[in-house]
Amino acid sequence: MASIIYCLIANDSSPTPIVEVSMADGNFPQIAMKLLVKTSPNTSITYSYEEKYMFHYHNEGGLTYLCMTDTGFSNRTAYTFLFDIKDRFIRKFGEEGRRAIGLGANKEFSDEMKARIVYYNTDPNADKLTAAGRNINKTKDIIIESIEKILERGDKIEVLTRKTSQMTDSAISMRRTASAVRTHMWWKNFKMSLIVCGILLVIPI
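If you read the sequence shown in full-length UniProt numbering, its first letter stands for residue 1, the second for the next number, and so on.
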């Protein structure tokens with residue numbers, strides 16, 4: 001299922017994100033850093049990579065909001081998500097948020113950002129239901145470029161493991177372990193019952 005894989009908010013005055021959330025493991029944060037130094041004030045651009053992934057960014061008021069998605073994820077929904085994150089971040093931090101540097105807002109905002117990622121990844125009508133949809137007309141003229149222009153020779157984007165898959169596999173493993181423990185305890189109790197019955201049978205009344 002196509003989804004938002006990674007998201008960050010960065011201050012134009014610093015190359016380090018002030019908020020960062022990843023839903024998978026891979027080298028894409030390093031690729032995102034290369035994109036940050038190429039962003040222009042008050043612009044929105046989408047970069048494509050080998051018809052696999054898309055990097056969408058929106059810069060406004062000295063802050064860049066960037067997310068990476070699978071190529072099958074709707075561009076409209078991706079930008080609705082970015083506008084939603086922008087509104088929530090500014091509403092929560094105001095001018096103070098514009099001055100944050102070096103993951104300075106990660107502790108206070110990463111959980112909310114992750115919750116919004118999950119929402120947009122799982123609700124097919126998210127871009128219609130959210131109030132950020134009022135900004136979506138801005139995406140009509142967004143430029144789509146190939147990210148290969150920015151990557152160095154030999155650079156490749158790798159998504160190694162989806163954390164959601166890891167969580168699913170872990171949950172399955174835990175259920176299997178719990179089931180095995182229950183089965184073991186049932187057989188143990190059953191054997192003990194047989195032993196008790198055997199003792200009662202041999203003891204003369």
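Cβ atoms here follow ideal geometry from the backbone N, Cα and C, with glycine treated the same way.
ask   = What's the call for Ser13, buried or exposed, on a 16-neighbour Cβ count within 10 Å?
value = Counting the other Cβ atoms within 10 Å of the Cβ of Ser13 gives fewer than 16, which makes it exposed.
inquiry  = On the DSSP letters alone, give me the boundaries of the beta strand (DSSP E) that Ile144 sits inside.
reply    = If you look at Ile144, you'll find it in the beta strand (DSSP E) that goes Ile143 to Ser146.
message = Could you tell me the alpha carbon to alpha carbon distance between Ile85 and Ser146, rounded to whole angstroms?
response = Taking the straight line from one Cα to the other gives about 25 Å.
task = Would you kindly work out how many angstroms separate the C-alpha atoms of Glu60 and Asp123, rounded to a whole number?
result = Linking Glu60 to Asp123 through their CA atoms gives a straight-line distance of about 27 Å.
ask   = Mind checking Val19: buried by the 16 CB within 10 Å criterion, or exposed?
value = Buried is the call here.
query = Given that a residue counts as buried once 16 or more other Cβ atoms are within 10 Å of its Cβ, and exposed if not, what is Gly102?
reply = By the 10 Å Cβ count, Gly102 comes out exposed.
task = Assign Phe190 to one of two classes, buried (16 or more other C-beta atoms within 10 Å of its C-beta) or exposed (fewer than that).
result = Phe190 counts as exposed, since fewer than 16 other beta carbons sit within 10 angstroms of its beta carbon.
message = Using a Cβ-Cβ cutoff of less than 7 Å, which residues in the same chain neighbour Met113 once the five nearest sequence positions on both sides are dropped?
response = Same-chain partners within the cutoff: Cys7, Val19, Val21 and Ile85.
ask   = How many angstroms separate the CA atom of Gln166 from the CA atom of Ser48?
value = Unreliable positioning characterises Gln166 in this predicted model, as indicated by a pLDDT of 43, which lies under 50. The coordinate reading is nonetheless provided below. Near 26 Å, if we compare the C-alpha coordinates of Ser48 and Gln166.
query = Of the residues Pro41, Thr64 and Ser40, which one's Cα is nearest the Cα of Phe89?
reply = Closest option to Phe89, Cα to Cα, is Thr64.
Collapsed DSSP secondary structure at Ser48 in the structure displayed = In this structure, DSSP gives Ser48 an extended state, which the three-state scheme calls strand.
ask   = For Ser22, which of helix, strand or coil comes out of DSSP?
value = Collapsing the DSSP output to three states places Ser22 in a strand.
Span separating the alpha-carbon of Glu51 from that of Gly72 = Approximately 9 Å, taken between the alpha carbons.
request  = Would you mind sorting Met54 into buried or exposed? The rule is 16 or more other CB atoms within 10 Å of its CB.
outcome  = Buried, by the Cβ-count rule.
inquiry  = If contacts are defined as beta-carbon pairs under 8 Å, then Asn121 and Ile4 qualify, I think. What distance do you get, rounded to the angstrom?
reply    = That pair is a contact at about 6 Å.
ask   = When the Cα atoms are used, what is the spatial distance from residue 280 to Gly26?
value = The chain is shown only over 1 to 205; residue 280 falls outside these bounds and no answer can be derived.
task = May I have the straight-line CA-CA distance separating Asp87 from Leu35, to the nearest angstrom?
result = Rounded to the nearest angstrom, the two C-alpha atoms are 22 Å apart.
message = Can you tell me whether Asn42 is helix, strand or coil according to DSSP?
response = DSSP places Asn42 in coil when its eight states are reduced to three.
request  = Using the Cα positions of Asn11 and Gly97, report the straight-line distance between them to the nearest angstrom.
outcome  = If I take the Cα positions, the gap works out to 9 Å.
request  = Could you tell me which residues DSSP pairs with Ile9 in its beta bridges?
outcome  = Looking at the DSSP output, Ile9 bridges to Val19 and Tyr65.
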